[in-house]
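Engineer: The structure is given below, and queries will be raised subsequently.
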Amino acid sequence: MFERPGGEWSHINKGVYWEGYGEYDKAVACYSRALRTDPRHVAANRRMGMALYRLGRFGDALGHLDAALAPDPGDADILLARGRVLEKLQRYAEALECLKCIGSSHHNHTEVLTVAASCQSGLGRHAEAVATLDGVLATKPGDADVLYVKSRILGRMGRAAESISCLNDAIAADSARSGLLYEKGRRLTREGKHEDAIGWYTRALEKDPKNVQALVAKAWTLDLAGFPTKDVFPYLDEALKIDPTNAEALMTRGLICDRKGLFQKAVECFDRVLEAHPDHIRALYSKGVSLYSMKKTGAARFFCQSALLREPDNIMALCTMVWLLDHEGEYEEALKHCDRALEINPGYVYAISYRARILMSMERYEESLKYYDMALDLDPDNRRAQYYRERVMEKIAGKKRKSLFGAFRR
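Mapping the sequence shown onto my numbering, position 246 (from 1) lands on 240, and the numbers just tick up by one.
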């Protein structure tokens, strides 16, 4: 449905994209552009209605859903969306009439009944509402959304103990569901499907806004996708409000600060990690990198060495020391650390290409070329290796020309 190119569909596609990131304001702006082209566009009105619902703009949402429903008054998905909006507007009788038009075979019949129960309770028919929800829970006993609504209705009926018990069950179910959604996101992240992953992290956070893992993962993935820090840091800030010593949140924030040139702020993040986890290897060598960027060479070396003292075979700590020694012009020492990294993982492209770079700096061009070729055999699209290989080839060609010119002069 959302694959058609051109015209209003390009705006709709973009809106759906922003919805995937939970950016409903931006989605609304896209749907507005589509509706300027065609005010009666069914898909644009439907998506606009749903996005406005997410933003709590229920009156505006209803107008767009009515427009979407006009060409096909029996569209069950739009009827359900309309019923949800009417329930939020406390127009319970209208909502129930709307929901009655949806058949029991609808793919989301559980939600139809849950919204209906909320409306029944809104009309004072609490016992009927509880009976409706109990019917749903008989087939879906752990549905958090149903349990939340039932808890609220039991509270209205003065059945406080049952209400609290139901609420606790709902929170536990939501937390478990959020964890499953987060794991789906993680799998997609590992597969490089970052845009899809963000959608799952967003859903995980809708279920449990305090899921720290999902908050950090969403922040990390947004950063990877090129979003500015103003869109990334709020998720890390929220994670750190919940768990002030969370190493992943602090490391992610620190690494972003380092990349942005905010080295002191990066060091502060790494220090907070090390206060709680003194042997955190990545925090140690990452602090070393930030300190080196601040021209604090001695301190930088100390923290990189501290990481290696704790884990001599940590390949990332070894390669960080290679980076520092290379920048200091200590090529022989850098090669030793590089060779140690390659003993641990002979196919590690970063170490192979860094060895090539050091050999180039030492003017050992033929050896350097061999290692760049090895790197490109393993990673043919490595642009850095491609660029420096060309540089090495130029150096070798220059040496040959110089040698031929010298022989000619003799």
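By construction, the Cβ of each residue, glycine as well, lies at the ideal position given by its N, Cα and C atoms.
(1) My output table needs one value for T108: the three-state DSSP class, helix, strand or coil.
(2) Between which two residues does the alpha helix (DSSP H) harbouring E305 extend?
(3) My assumption, with CB atoms under 8 Å, is that V301 sits in contact with L336. Please give the rounded CB distance.
(4) With 16 as the cutoff for other CB atoms within 10 Å, does H452 come out buried or exposed?
(5) Tell me the DSSP secondary structure of E185 in three-state form.
(6) Using the rule of at least 16 other Cβ atoms within 10 Å of the residue's Cβ for burial, across every protein chain shown, is Q258 buried or exposed?
(7) Using three-state DSSP, classify D405 as helix, strand or coil.
(8) Starting from F264, follow the alpha helix (DSSP H) in both directions and report where the run begins and ends.
(9) Label S355 either buried or exposed according to how many other C-beta atoms from any shown protein chain fall within 10 Å of its C-beta, with 16 as the threshold for buried.
(10) Please report the straight-line C-alpha distance between R378 and K393, rounded to a whole angstrom.
(11) Which residue from A241, L117, L230, K201 puts its Cα closest to that of R266?
(12) How would you call I158, buried or exposed, if buried means at least 16 neighbouring beta carbons within 10 angstroms?
(13) Does DSSP classify S98 as helix, strand or coil?
(14) For R276 and M245, which I take to be in contact (beta-carbon distance under 8 Å), what is that distance rounded to the nearest angstrom?
(15) Got a sec, what are the start and stop residues for the alpha helix (DSSP H) A55 sits in?
(16) Mind the definition here: the segment 131 to 144 touches the segment 90 to 101 only if three or more C-beta pairs lie below 8 Å; say whether that holds.
(17) In terms of alpha-carbon separation, which member of D202, M42, A155 lies closest to A166?
(18) Could you give the distance in angstroms between the alpha-carbon of I192 and the alpha-carbon of G9?
(19) Just mark S280 as buried or exposed, buried being the case when its beta carbon has 16 or more other beta carbons within 10 Å.
(20) Whole angstroms is fine: what's the gap from S284's alpha carbon to P238's?
(21) Pick out whichever of Y365, A23, E17 has its Cα sitting closest to the Cα of D333.
(22) For my contact list, Y86 and G116 are in at a C-beta cut-off of 8 Å; report their separation, rounded to the angstrom.
(23) Could you check the C-alpha separation between W194 and I338 for me, to the nearest Å?
(24) With a cut-off of 8 Å on the beta carbons, I'd call L46 and H58 a contact; round off their distance for me.
(25) Is DSSP giving G323 helix, strand or coil here?
(26) Work out the CA separation of V124 and L107 for me, nearest whole Å.
(27) Does the contact criterion of 3 or more C-beta pairs under 8 Å hold for the segment 203 to 217 versus the segment 30 to 37?
Structural biologist: This is what the structure holds:
(1) helix
(2) Note, E305: premise wrong, no alpha helix (DSSP H); not H, not E.
(3) Sequence check: residue 301 is Ala here, not Val. Rounded, the Cβ-Cβ distance is 18 Å, inconsistent with contact.
(4) In the structure as shown, the chain starts at -5 and stops at 404, and residue 452 therefore has no counterpart that could be examined.
(5) coil
(6) exposed
(7) There is simply no residue 405 to check, as the chain begins at -5 and stops at 404 in what is shown.
(8) 257 to 270
(9) exposed
(10) 23 Å
(11) A241
(12) exposed
(13) coil
(14) 6 Å
(15) 52 to 63
(16) no
(17) D202
(18) 15 Å
(19) buried
(20) 22 Å
(21) Y365
(22) 4 Å
(23) 35 Å
(24) 7 Å
(25) coil
(26) 11 Å
(27) no
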